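Under the numbering used here, residue 185 is the last one in the sequence shown; the count climbs by one each step, no gaps.
For each residue, glycine too, the CB sits at the ideal point set by N, CA and C.
All figures in this text were calculated on a predicted structure; none of them were measured in a lab.
Okay, so here's the structure we're looking at.
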Amino acid sequence: MKYLYCFRCGAKVDYLEIESKMRAFCRECNLILYENPIPTVVALVSSGDKILLVKRGIEPGKGGWSLPGGFIEMEETPIDAVLRELCEETNLKGKSAKLIDVIYHKSKTYSSILLICYEVEVVDFYDMKPGDDSIDVGLFEYKTRPELVFEPHEEILNRWWGEKKKQ
């Protein structure tokens with residue numbers, strides 16, 4: 019049981035069977051406290067036969083390589099989030115974002131994650147440099163790139179790159 023108190027009104031919650039699951043319920047404000055996956059985004063960016071990767075400067079996965087991305091903030095669309103995260107981690111400006119896939123996975127750190135994947139076209143790569151959550155950034159050939167620290171990133175990159183090469 020995750021919740022003790024309602025995040026809306028602060029009252030103690032009860033656990034009831036709602037929609038075939040035990041869920042926290044606030045009798046004071048009649049709020050069901052759902053436990054939902056955390057929405058995140060990743061950017062798939064290529065330049066010719068190279069793929070953009072960032073070396074993580076924070077946990078989880080500190081020191082490992084990943085796709086640029088992160089959490090969607092409140093009042094932010096997924097496209098706004100992927101463009102913001104790309105800029106924060108690589109200093110690159112995205113000019114378009116195309117939805118590629120949505121993946122659900124379990125995270126040891128954050129429990130359930132909903133990973134929204136976008137192919138992002140960038141204006142240019144001249145200003146590329148590591149940003150606030152990264153310690154390095156680079157363009158790598160697919161076949162010689164470093165292994166990615168997150169399995170879902172590896173999965174989506176392999177699938178996306180395979181489809182891209184068919185075109």
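Can you give the beta carbon distance from VAL138 to LEU62, rounded, assuming they're within the 8 Å contact cut?
-> 7 Å
Proximity below 7 Å, CB of GLU159 to CB of LYS73 = no
How is LYS161 classed by DSSP in three states: helix, strand or coil?
-> helix
Apart from the five residues on each side of it in sequence, which residues of its chain come closer than 6 Å, Cβ to Cβ, to LEU110?
-> LEU104, VAL140 and MET146
Ignore the nearest five residues each way along the sequence and tell me which others in TYR128's own chain have a CB closer than 7 Å to its CB.
-> ILE56
By Cβ distance below 7 Å, which residues in the same chain neighbour LYS116 in space, the five residues on each side in sequence not counted?
-> TYR136 and GLU137
Relative to the C-alpha of GLU106, which residue among PHE43, TRP178 and ASP150 is closest?
-> ASP150
Whole alpha helix (DSSP H) runs in the segment 62-139 with 4 or more residues, listed along the chain?
-> 96-108
GLU181 versus GLY82 - alpha carbon distance = 25 Å
Based on the DSSP output, what are the partners of ARG41 in its beta bridges?
-> LEU34
Nearest CA to the CA of VAL59: which residue from TYR122, GLY79 and PHE143?
-> TYR122
PRO86, buried or exposed, once every other Cβ within 10 Å from all chains shown has been counted against 16 | buried
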